[in-house]
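A.B. asks: A single structure is presented below for examination.
Written as structure tokens, this is what we have:
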């Protein structure tokens, strides 16, 4: 349809549709106002870029031009300036692309055509450069400089120096667009609320067709994207439709398929422009398709963003240049070099020397990226300890790309690199090894199975492994999924590949322990799918956009993916970094995951033997106890559907697996067997009767057995009923449906595991004829008298326990149910697995029943010389800076004595005048201070007052804290959430009752404790759902009191809380 016909058709339609005519008029007024504001702002930023360009700060200038384009739209002049900056930086791919975009908007702009020609020259596309230079000469035939450049390009073509890509273009395509085509430099940007509503990134079909009634509440996107053109009504018109190749048609396409409200001077009314854009769009689509194919190619060995000089015959992609711009990995004051003069068409040419060398790029400094000169090793790193760099497929260019990371590692700690299997096995057996960085994908190949097996064992025993470097760029999706699933028991798979800015996950333990980690940074990465959000160290947010300097930014569509993840595997840590370009800001991320950034993780108990298999793993573990997975069929299916079960089990105990009858009988005879999880109904088959008989004997003798996983899914009701009869149970298969189940407070296992969810929904196969006390969870309508139906059972059988979990979908809340049945959650069974009230239970019961105030427990032999003891075994200067107000308040109430060493602490704790103890940091958790901790526990039980606060919650790791409370104090407290909220005083708490001066409520950012009794919470969030957590806790402990305050920012109100816990606040 011609422009005239289209305009006539629009006027005819609008005459019959006054509503749309009025809407168009109103939107046009608003757009004109916003456009004027944007133009003014963009012009100002463009001028700033020009100033930077004149000062030879080309990278900074390029960033300003990009900013101006983002605000003011794709203006030809700004794009032409950006092309000039890219030429100065020798980023020829982007220079050509941007100059081409400028020409599409203003075909007569000779500067843009000249810069495109120079970019093509830099890419050795001399034929394309010659076409551009000859086009300029038709309007400027006397330009000596252009004549010279054209002759040089002609000579290069004659000598056969053109790149292979130069032959892929027809002359008409290379020269497009024609100079006599009309200028089109208008912008389709909009500042409406709809334009900013990106939702989940998927276009809303209702909005683009008839209209969306949900407005800002719509889950889908109303914003423009790179697959559509915004029309004057604000609808997004399908770009493929305008180019004539939409495969969905009007009825199925999520975008509009009408030209009625598009600008009349757009490319869609110009056949030549449409042809050019169709060609560019198809090339872009093909490039993306080739990139995806490359990602799947199992034989590729060269990462996508290798420097030009590293790969013979290669060249940097335009995306890699974008990456370099964003990471500032280039010379910011680069001078013209081998690409020739960069003077303008009408100016005089300067030196045309070829320049045999380039200055080496110097990355701009960043306060967040550690450098070798500024890095310091953690104070507890020993001289003989080292990090292993595992590079079994090492290439020379790997060292260039990872130079910043490798330099930072060497500045922190000794590093040793293994390039062969023998050296890797030898170094993995060293007792001085504290971490492993895997830099390539060779570890996933079958020929290195021995190394991988040894690496997994070492990690499970407490080691720390990070897979990064060139790994993600040199492995296909199938191999990556097999590597994570089969070797590490993780459900991770290869996800998408793009660049965006990622934010630090503040809830991740590694983020909490390493405050110097960058809060956010941009990287191009191969993401992981199937990652639990809690183990993602960095992730995209709703505001994240796929970043490109040329194409429109689009929302990140899959926010469940992550480019960086770290999780527990056994007693150790396993991390992944998908960065393909070796960003400088990825360096501290790797250091943090290896435990050598701000805080160092303890290394594993190393083996001196190179023996693999489970025997080695047992020797590496402080405890030889293991949990057995009995999987006599369907093993692969179970691994996929119950991946988080496996991950949780491996984080709690050593895991062995029996896939055959002989393996099962061998493991069931082991004295180190700690529990059995039956994952499928293979145990019900006649051929496995001997295993079932042995399993029943093991349970009655004191063992722990849970029947779950795929058992309820694949067993028939006849088999199930017979199966339970062999256990001496009258249980039978019941209903199968989804329901919300509630925790049964009368079940002993539930009583001993407060971390269990209060309620959750699951689809399950019930068992009926179950005693009410045996049901861990039951429906809301279950009667209290007689037998009931339930999907979760844990009951005494002989001296042991038998459990059943009928969940068919592996709900996340079922994970804790399984752990509790196996004694791996809050309560751990001893050699005779009869639940006995733990110290935590008795203490909590005492706390809930006690009504004495804090003053009554002050030790009776205190005198006027009594003092408050501060135990500060590390970080002492830091504590005094942050907690000045608290120190002043304490000194106004009592004499304060501070113990900075173990000897000082022991001496002070022996004094009859100590009135209370405030532990200011986690130094007391260290093994070397065990005698101080033992003395402190005794002091508390004898009637002392002890409070953990200050820097304690900020610098202790979750595993350390959990172990500290359970092992040293015998309480079930565990590290909970880390967040800021408004907390309210709990009037039922002893401390709150005895200290009326406590604030009724206040806001603080704190590390919570979970696994607590409600009576122990001094402050908590009123709106809290699920498991009880609190930032301030105090409970009776023996004859004394044990307190905790998780405030990380030393809020003013927290001073009174500490005083109250120490019995120093007026009643």
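In my numbering, the protein residues as written are 313 to 1379.
All C-beta atoms in this analysis are idealised placements derived from N, C-alpha and C, irrespective of residue type, glycine included.
(1) Quick check on the burial criterion: 16 or more other C-beta atoms within 10 angstroms. Buried or exposed for residue 430?
(2) Short check: CB of residue 720 to CB of residue 903, under 8 angstroms?
(3) Identify, in the order they occur along the chain, each residue of the same chain with its Cβ nearer than 8 angstroms to the Cβ of residue 447, setting aside the five sequence neighbours on each side.
(4) With DSSP run on the structure shown, which of helix, strand or coil describes residue 1081?
(5) Considering just the uninterrupted stretch of the beta strand (DSSP E) at residue 546, what are its terminal residues?
(6) According to the Cβ coordinates, are residue 849 and residue 825 closer than 8 angstroms?
(7) What whole-angstrom Cβ distance do residue 1043 and residue 1081 have, given they're in contact under 8 angstroms?
(8) Taking DSSP as the reference, what is the three-state secondary structure of residue 659?
(9) How is residue 1031 classed by DSSP in three states: helix, strand or coil?
(10) Give the straight-line distance between the Cα atoms of residue 342 and residue 348, rounded to the nearest whole angstrom.
(11) Since residue 1356 contacts residue 1321 with CB under 8 angstroms, what's their CB separation in whole angstroms?
(12) DSSP three-state label for residue 1270, please.
(13) Tell me the rounded alpha-carbon separation between residue 901 and residue 790.
(14) Report the rounded CA-to-CA distance for residue 1072 versus residue 1255, giving the unit in angstroms.
(15) So, are the CB atoms of residue 459 and residue 449 less than 8 angstroms apart?
(16) Using a Cβ-Cβ distance cut-off of 8 angstroms, determine whether residue 590 contacts chain C.
(17) If we count the other Cβ atoms within 10 Å of its Cβ and call it buried at 16 or more, is residue 685 buried or exposed?
(18) So, helix, strand or coil for residue 1103, using DSSP?
(19) Return helix, strand or coil for residue 833, following the three-state DSSP convention.
(20) Can you give me the C-alpha to C-alpha distance between residue 788 and residue 812, rounded to a whole angstrom?
(21) Quick check on this structure: which residue in 1108, 1104, 1124, 462 has the alpha carbon closest to the alpha carbon of residue 1116?
(22) Can you grab the Cα-Cα spacing for the pair residue 416 / residue 590, in whole Å?
(23) Would you give the residue range spanned by the beta strand (DSSP E) that residue 1313 belongs to?
(24) Under a three-way DSSP split, which group does residue 448 fall into?
(25) Is DSSP giving residue 1402 helix, strand or coil here?
(26) Look at the alpha carbon of residue 784 and the alpha carbon of residue 955, and state the distance between them as a whole number of angstroms.
(27) For the 8 angstroms Cβ check, are there 3 or more pairs between the region 554-569 and the region 534-546?
(28) Let me check understanding here. Comparing Cα to Cα, which of 957, 1366, 1204 lies closest to residue 1260?
(29) According to DSSP, residue 1115 sits in a beta bridge with which residue or residues?
(30) By Cβ distance, which residues of its chain are closer than 7 angstroms to residue 795, with the 5 residues on each side in sequence left out?
(31) Which class does residue 379 belong to by DSSP, given the choice of helix, strand or coil?
(32) Any idea what DSSP makes of residue 956, helix, strand or coil?
(33) Helix, strand or coil: which one does DSSP assign to residue 1180?
(34) Leaving out five residues before and five after residue 384 in sequence, what residues of the same chain have Cβ atoms less than 6 angstroms from its Cβ?
(35) Where does residue 1223 fall in DSSP's three states?
(36) Looking at residue 1380: is its Cβ nearer than 8 angstroms to the Cβ of residue 806?
C.D. replies: According to the data block:
(1) buried
(2) yes
(3) 425, 487, 491
(4) strand
(5) No beta strand (DSSP E) contains residue 546, which DSSP labels as neither H nor E.
(6) no
(7) 6 angstroms
(8) Per-residue confidence for residue 659 stands at a pLDDT of 42, beneath the threshold of 50, marking its modelled position as unreliable; the derived number appears in the next sentence. It is coil, neither helix nor strand.
(9) helix
(10) 10 angstroms
(11) 6 angstroms
(12) helix
(13) 26 angstroms
(14) 41 angstroms
(15) yes
(16) Included in the structure is just one protein chain, with no chain C present.
(17) The predicted position of residue 685 is uncertain, since its pLDDT is 33 and thus under 50; a value taken from the coordinates is nonetheless stated next. When all chains shown are included, residue 685 counts as exposed.
(18) coil
(19) strand
(20) 22 angstroms
(21) 1104
(22) 12 angstroms
(23) 1313-1322
(24) helix
(25) With the chain covering 313 to 1379 only, the question about residue 1402 has no answer from this structure.
(26) 22 angstroms
(27) yes
(28) 1366
(29) 1018, 1106
(30) 756
(31) helix
(32) helix
(33) strand
(34) 350, 351, 354
(35) coil
(36) Given that the chain is displayed from residue 313 to residue 1379, the structure contains no residue 1380 and the question cannot be resolved.
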